[in-house]
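Asks:
2 protein chains.
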Amino acid sequence: MTYSIKEVAEKTNLSIYTLRFYDKQGLLPFVARNEAGYRVFTEGDLALLETICCLKNTGMKIKDIQKYIAYVMQGPTTVQKRKELLQHHRQEVVAKQEEIARNLAGIDYKIELYDAPNATSLVAQEVAAAKADKKANGLPDPYPSF
Amino acid sequence: MTYSIKEVAEKTNLSIYTLRFYDKQGLLPFVARNEAGYRVFTEGDLALLETICCLKNTGMKIKDIQKYIAYVMQGPTTVQKRKELLQHHRQEVVAKQEEIARNLAGIDYKIELYDAPNATSLVAQEVAAAKADKKANGLPDPYPSF
DNA sequence: TCTTGCACTAGAGTTAAGTCTAGGGTTTAT
DNA sequence: ATAAACCCTAGACTTAACTCTAGTGCAAGA
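Which chain is which? The protein sequence lines are X and Z, in order.
Residues in the first sequence are numbered consecutively from 952, following this note's numbering.
Residues in the second sequence are numbered consecutively from 952, following this note's numbering.
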């Protein structure tokens, strides 16, 4: 079984434009063409594309994905390099996830504040403090009265 | 105590350029100016900027941060709207975190493969399958021999 | 065979989020 | 009173990752 670019677009949720763009960027050197120059995807190609999507969806730059694919195209001798590349990326993703979790905690704090029964008065206090802060430094007050 | 743009840049790890850019985008309507037109940041301003960074670092678009700040500037009457905006964003962040975790699992699978004692032969099998796949469909083989 | 749909390339355009430059005031220490 | 270190704006430029257009060719059904 083989697939046209349109079918692959549907399977992967990438647009046809994006697939062609990826090809241009050297991410799909393994995709064959038929006599008319049309791209022909095999099952094996889809498996590799799946990996490409994992890398993309975790924020890897196209240039780095291209590097990984270049290793893959060189065969089993590059196993070590592939592993290092993926492990390095893994570190970055985990770090990013932790950073997001930290920042989300800051947002959760705000949500709790806004969710409190006396949220309005708590926020009013915040504003009062900010106003006082401005006044103490002889600066104009950008907040509305009340 | 007040802070110059340079001091704020150091405290927040945002560049001076970025701070001015954010101001241009309407993210810092609360920041006052002195007689010379220089931005003057108060402690209260830093607290708000901290929230802006939480939103930015979790991937909120500047336009949406701008919306949130606009609510803040309107005072305590907008508590409900702020809460809804943040809760909605929270959903998106959590969903994104889950998506990343799923894709990272796909990468971990590859790492394990490359980390196996017989990784080279396992990868060789992968390539053999891909080659067979191409051949079965009468397509050229893009992989090197062995 | 004609129409409709899908494919191709090259290259222009878009969007988000900065980043930098030019030209010009301000402040501070010497 | 001048150099060094700041600050300002407007607006041009950059980068990543698409997204689309124009012009053209192939393919399959009525």
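By construction, the Cβ of each residue, glycine as well, lies at the ideal position given by its N, Cα and C atoms.
Given the structure is predicted, the values throughout are model-derived calculations rather than measurements.
Rounded to whole angstroms, what's the CA-CA distance from ARG1041 of chain Z to LYS1034 of chain Z? Just pull it up for me.
Replies: 10 Å
Asks: Use the C-beta contact count for THR1028 of chain Z: other C-beta atoms within 10 angstroms, 16 or more gives buried, fewer gives exposed.
Replies: exposed
Asks: Please name the residue in X:ALA1083, X:LYS1047 and X:ALA1052 whose C-alpha comes closest to that of GLY1010 of chain X.
Replies: X:LYS1047
Asks: Straight-line CA distance for ALA1070 of chain X to GLU1077 of chain X?
Replies: 11 Å
Asks: State buried or exposed for VAL1045 of chain Z, treating a residue as buried only when at least 16 other CB atoms are found within 10 Å of its CB.
Replies: exposed
Asks: Out of Z:LEU1090, Z:GLU961 and Z:PRO1068, point me to the one whose CA is closest to GLU1001 of chain Z's CA.
Replies: Z:GLU961
Asks: Taking Cβ-Cβ distances below 9 Å as the criterion, which residues of the stretch 978-995 of chain X are in contact with chain Z?
Replies: PRO980, PHE981, VAL982, ALA983, ARG984, ASN985, VAL991, THR993, GLU994 and GLY995
Asks: So which residues on chain X does VAL959 of chain Z lean against when the C-beta distance must stay under 9 Å?
Replies: Simply none; closest approach about 14 Å.
Asks: Any Cβ of chain X within less than 7 Å of the Cβ of LEU1090 of chain Z?
Replies: yes
Asks: How would you list, in chain order, the residues of chain X whose beta-carbon sits under 7 Å from the beta-carbon of ASN1054 of chain Z?
Replies: CYS1005, ASN1008 and THR1009
Asks: When you compare each of Z:TYR989, Z:ASP974 and Z:CYS1005 to LEU1055 of chain X by their alpha carbons, which one comes out closest?
Replies: Z:CYS1005
Asks: Can you tell me where the alpha helix (DSSP H) with ARG1024 of chain Z in it begins and where it stops?
Replies: Note on identity: in this sequence residue 1024 of chain Z is Met, with Arg being the wrong assignment. Annotation for MET1024 of chain Z: the continuous alpha helix (DSSP H) segment containing it runs 1013-1024.
Asks: On a CA-only basis, which of X:ASP1092, X:LEU1037 and X:ALA1079 is nearest ASP1066 of chain Z? Give me that one, please.
Replies: X:LEU1037
Asks: At the level of alpha carbons, what is the spacing between ASP974 of chain Z and PHE992 of chain Z?
Replies: One C-alpha to the other measures close to 12 Å.
Asks: In whole angstroms, what is the alpha-carbon distance linking VAL982 of chain X and ARG990 of chain X?
Replies: Going by the C-alpha atoms only, they are around 6 Å apart.
Asks: Within 10 angstroms of its Cβ, does ALA1083 of chain Z collect 16 or more other Cβ (buried), or is it exposed?
Replies: exposed
Asks: Roughly how many whole angstroms lie between the Cα atoms of PRO1068 of chain X and LYS1032 of chain Z?
Replies: The alpha-carbon separation between PRO1068 of chain X and LYS1032 of chain Z amounts to approximately 15 Å.
Asks: Quick check: what's the CA-CA separation for LYS1018 of chain Z versus ALA1075 of chain Z?
Replies: 54 Å
Asks: Report yes if the C-beta distance between ILE1003 of chain Z and LEU970 of chain Z is below 7 Å; otherwise report no.
Replies: no
Asks: For LYS1007 of chain Z and THR953 of chain X, what's the separation of their Cα atoms in angstroms?
Replies: 43 Å
Asks: Can you tell me the Cα-Cα spacing of TYR1022 of chain X and VAL1030 of chain X, whole angstroms?
Replies: 8 Å
Asks: State the Cα-Cα distance for the pair ARG1053 of chain X and ASP1059 of chain X, rounded to the nearest angstrom.
Replies: 10 Å
Asks: Does ARG971 of chain X have its Cβ less than 7 Å from a Cβ in chain Z?
Replies: no
Asks: By how many angstroms is the C-alpha of ASN1088 of chain X removed from the C-alpha of ILE1013 of chain X?
Replies: Their Cα atoms are separated by approximately 49 Å.
Asks: Could you give the residue range of the alpha helix (DSSP H) that holds GLU986 of chain Z?
Replies: Counting along the chain, GLU986 of chain Z falls outside any alpha helix (DSSP H), and DSSP gives it neither H nor E.
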